[in-house]
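Encoded as structure tokens, the structure appears first; notes follow it.
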Amino acid sequence: MSLLDGLQLSGLTYPELWLRYVAVSGTIGALELEAYVLGLLVPDDHQHNLIAQALNEHFLEAGQDHPVAYRETAVPE
Amino acid sequence: MVARTGPQWAELLRGASAPAAVSDVEALLRQAVALGHDVTPDAVGCSITSLDRDGYHTPVYSDRLALDLDEAQYRSGDGPCMAAAREHLCQDFDAATDGDRFPGFTEAAVGRGVRCSISLPLSGTVQPSAINLYASSPQAFDADRPRAVAGLLARCVSAVLSRQLPAETGTPVPGLAAAEDQARLITAAETALANSRSLSRADALTMLMRRSHAEGRSIFDLAREVVRGTDGALP
Chain A
1 MSLLDGLQLS
11 GLTYPELWLR
21 YVAVSGTIGA
31 LELEAYVLGL
41 LVPDDHQHNL
51 IAQALNEHFL
61 EAGQDHPVAY
71 RETAVPE
Chain B
1001 MVARTGPQWA
1011 ELLRGASAPA
1021 AVSDVEALLR
1031 QAVALGHDVT
1041 PDAVGCSITS
1051 LDRDGYHTPV
1061 YSDRLALDLD
1071 EAQYRSGDGP
1081 CMAAAREHLC
1091 QDFDAATDGD
1101 RFPGFTEAAV
1111 GRGVRCSISL
1121 PLSGTVQPSA
1131 INLYASSPQA
1141 FDADRPRAVA
1151 GLLARCVSAV
1161 LSRQLPAETG
1171 TPVPGLAAAE
1181 DQARLITAAE
1191 TALANSRSLS
1201 RADALTMLMR
1211 RSHAEGRSIF
1221 DLAREVVRGT
1231 DGALP
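Chains as they are written, first to last, in the working numbering: chain A, 1 to 77; chain B, 1001 to 1235.
Here's what the structure looks like:
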């Protein structure tokens, strides 16, 4: 599920999503976040995953398990 | 859907985030109205309407069609752009159903192949102002995404034109302090993981997110465990 689909399914507003994004340690502004979700800007993998995490935290609270897709990034094991 | 105008959006967002630093406001506003064509594939024009002591005028527009339709409203004495600026309310216009409301403008719009428009008031400007978007198909601005993109464009233009930060970044935001508390927890866990595993902090955060996904658990619960040193399950 894309970021935009996730937002629409969540019922969160953009300001609510931005607060959740800040909570997972995101640092970009509210306008930029909105542009990423709307596909006007392309986030790097890290930003994409932070936004996905912010949405997925909402879905976890609602009893759903991470429906918004992450991008694969290499992390040393 | 990803816009091919990403660099232009990035420049507009930079300007909206630091409006006092914009050196050429008019050039950035011209770029903003050009971006109005990203709102929906059927968008055919975008403009800004302002009201001053001499009446309504259009200081910036994407093309001749947008200017013509703005001026048709000014000549006929009313239209959605004027109403949005004057009443500070979003105005949706559908040529099929709103002909009685704005007859002069409707005739001009239909004559140029425009079937609908949306006008959004601009905030914080000295003069009552609105940004206007015209489209060649009915209901082109009804779906969530076009409305969201139009709203984002209006907030960016408001910031640039008024030289003020958007409200959400210029005033205290309810809930922000609690979000920042949670962010400090994540950062503490990131730092602990980065130090213990010789990772970058970005990689440490990715590890937390990956674990959250794999276990179906909140990243905040995992972060608490890391900070307390009870993260035996983490790799």
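Ideal placement from N, C-alpha and C gives every residue a C-beta, glycine not left out.
Item, Value
"Between the Cα of A:Glu16 and the Cα atoms of A:Leu38, A:Leu40, A:Thr27, A:His58, which residue gives the shortest distance?", "A:His58"
"Would you report the Cα separation of B:Leu1120 and B:Asp1078, rounded to the nearest angstrom?", "15 Å"
"Thinking C-beta only, is A:Ala52 closer than 7 Å to A:Tyr36?", "no"
"Quick check on the DSSP output: the alpha helix (DSSP H) that includes B:His1213 runs from which residue to which?", "1201 to 1215"
"Does the pairing of the segment 1022 to 1034 of chain B with the segment 1097 to 1112 of chain B give three or more beta-carbon distances under 8 Å?", "no"
"Grouping DSSP H, G and I as helix and E and B as strand, with all else coil, what is A:Asp45?", "helix"
"Does A:Glu61 pass the burial test, meaning 16 or more other C-beta atoms within 10 Å, or should it be called exposed?", "exposed"
"List, from N- to C-terminal side, the alpha helix (DSSP H) runs of 4 residues or more that fit wholly inside the segment 6 to 33 of chain A.", "14 to 23"
"For B:Glu1215, is the classification buried or exposed, using 16 other Cβ atoms within 10 angstroms of its Cβ as the cut-off for buried?", "exposed"
"So, is the C-beta of A:Leu3 closer than 7 Å to a C-beta in chain B?", "no"
"So within the segment 1102 to 1127 of chain B, which uninterrupted beta strand (DSSP E) runs reach at least 3 residues, ignoring any that extend past its ends?", "1116 to 1121"
"Note down the Cα distance separating B:Gly1124 from A:Ala30, rounded to an integer number of angstroms.", "18 Å"
"Please list the terminal residues of the continuous beta strand (DSSP E) segment that includes B:Leu1051.", "1043 to 1052"
"State the DSSP-derived secondary structure class of A:His66, mapped to helix, strand or coil.", "coil"
"Give me the chain A residues within the contact set of B:Ala1202, using Cβ-Cβ distance strictly less than 7 Å, ordered along the chain.", "His46"
"Measure the Cβ-Cβ separation of B:Leu1133 and B:Ala1043 and say whether it is below 7 Å.", "yes"
"What residues match up with B:Phe1093 in a beta bridge as DSSP calls it?", "B:Ser1117"
"Beta-carbon within less than 8 Å of B:Ser1218's beta-carbon, same chain only, minus the 5 sequence neighbours each way: which residues are those?", "Ser1212"
"Can you round the beta-carbon distance between B:Ile1036 and B:Leu1153 to whole angstroms, since I take them to be within the 8 Å contact cut?", "Here residue 1036 of chain B turns out to be Gly, not Ile, going by the sequence shown. Their Cβ separation, rounded to whole angstroms, is 6 Å, which keeps B:Gly1036 and B:Leu1153 in contact under 8 Å."
"Under 7 Å between the Cβ atoms of B:Val959 and A:Leu3?", "Only positions 1001 to 1235 of chain B appear in this structure, which leaves residue 959 of chain B out of reach."
"Residues of chain D with CB under 7 Å from B:Met1209, in chain order?", "Here chain D cannot be found, since the structure's protein chains are A and B."
"Looking at chain B, is there any beta carbon in it that lies within less than 7 Å of the beta carbon of A:Thr73?", "yes"
"Check the Cβ-Cβ distances between A:Leu41 and every residue of chain B, and say whether any is below 7 Å.", "yes"
"Please name the residue in B:Ser1162, B:Ser1158, B:Arg1145, B:Ala1188 whose C-alpha comes closest to that of A:Thr13.", "B:Arg1145"
"Quick one: measure Cβ to Cβ for B:Gly1175 and A:Leu19, integer angstroms, because I've assumed they're closer than 8 Å.", "5 Å"
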